[in-house]
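According to the numbering used here, the stretch in the sequence shown is residues 35 to 139, in order.
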Amino acid sequence: LVKGSDGTWSSPQTQPHSGETMRAAATRGLEAATGPRLRTYFVGFAPMAHHDVAGAAPARVFFYKSQYINGAVQTPGEYVWVTRDELSEYLPPALLPLALEICDQ
């Protein structure tokens, strides 16, 4: 998980570029948040889940599951590795059931 500028924890996120697949955007977003030395494997080509964000600019956030292979995180920001049981200490209640579901897939 990475800490956003608003102080909340979440998985790395980014907007897709024109013509970019969602998985390619997820890969780019993860590398932007963690640096080029972290090697992961994205599970599948389709998102594992999505969350609708309400507000002035409604959005749909898609989540991919990735597995750690090796390497180290290189980021100037804050990040944490958490277990399934520790997710509730970091994620807002609205996202917790979704994160737990992804962990169980």
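Just so you know, even glycine gets a beta-carbon here, dropped at the ideal spot from N, CA and C. From a predicted model like this one, the values you see are computed outputs, not experimental measurements.
Determine the contact status of residue i and residue j, defining contact as a CB-CB distance below 8 angstroms.
{"i": "Ile136", "j": "Met56", "result": "no"}
{"i": "Phe27", "j": "Ala60", "result": "Absent from the model: residue 27. The displayed extent of the chain is 35 to 139, so no value can be given."}
{"i": "Ala106", "j": "Leu72", "result": "yes"}
In three-state DSSP terms, what is residue i?
{"i": "Thr74", "result": "strand"}
{"i": "Ala93", "result": "strand"}
{"i": "Asp86", "result": "strand"}
Count the other CB atoms, across all protein chains shown, that sit within 10 Å of the CB of residue i; report buried if there are 16 or more and exposed otherwise.
{"i": "Val114", "result": "exposed"}
Out of the options, which has the shortest C-alpha to C-alpha gap to residue i?
{"i": "Pro46", "options": "Ser52, Glu54, Ser122, Gly69", "result": "Gly69"}
{"i": "Asp86", "options": "Val95, Ala80, Gly78", "result": "Val95"}
{"i": "Ala66", "options": "Gln49, Gly78, Phe97", "result": "Gln49"}
{"i": "Asp40", "options": "Ala93, His84, Glu112, Ala58", "result": "Glu112"}
{"i": "Lys37", "options": "Tyr124, Gln108, Gln139", "result": "Tyr124"}
Flag residue i as yes when its Cβ comes closer than 7 angstroms to any non-hydrogen atom of the ligand SAH, and as no otherwise.
{"i": "Glu135", "result": "Here there are no bound small molecules, and the ligand SAH is not part of this structure."}
I'd like the list of long-range same chain contacts for residue i, defined as Cβ closer than 8 angstroms, with 5 residues on each side in sequence excluded.
{"i": "Ser122", "result": "Leu130"}
{"i": "Asp119", "result": "none"}
{"i": "Ser44", "result": "Leu35, Val36, Gly38, Leu125, Leu129"}
Given residue i, which residues of its chain have a CB within under 7 angstroms of its CB, disregarding the five upstream and five downstream residues?
{"i": "Thr74", "result": "Leu64, Ser100, Gln101, Tyr102, Ile103"}
Would you say residue i reaches chain C, if we count a Cβ-Cβ gap shorter than 8 angstroms as a contact?
{"i": "Leu132", "result": "In the displayed structure, chain C is absent; only one protein chain is listed."}
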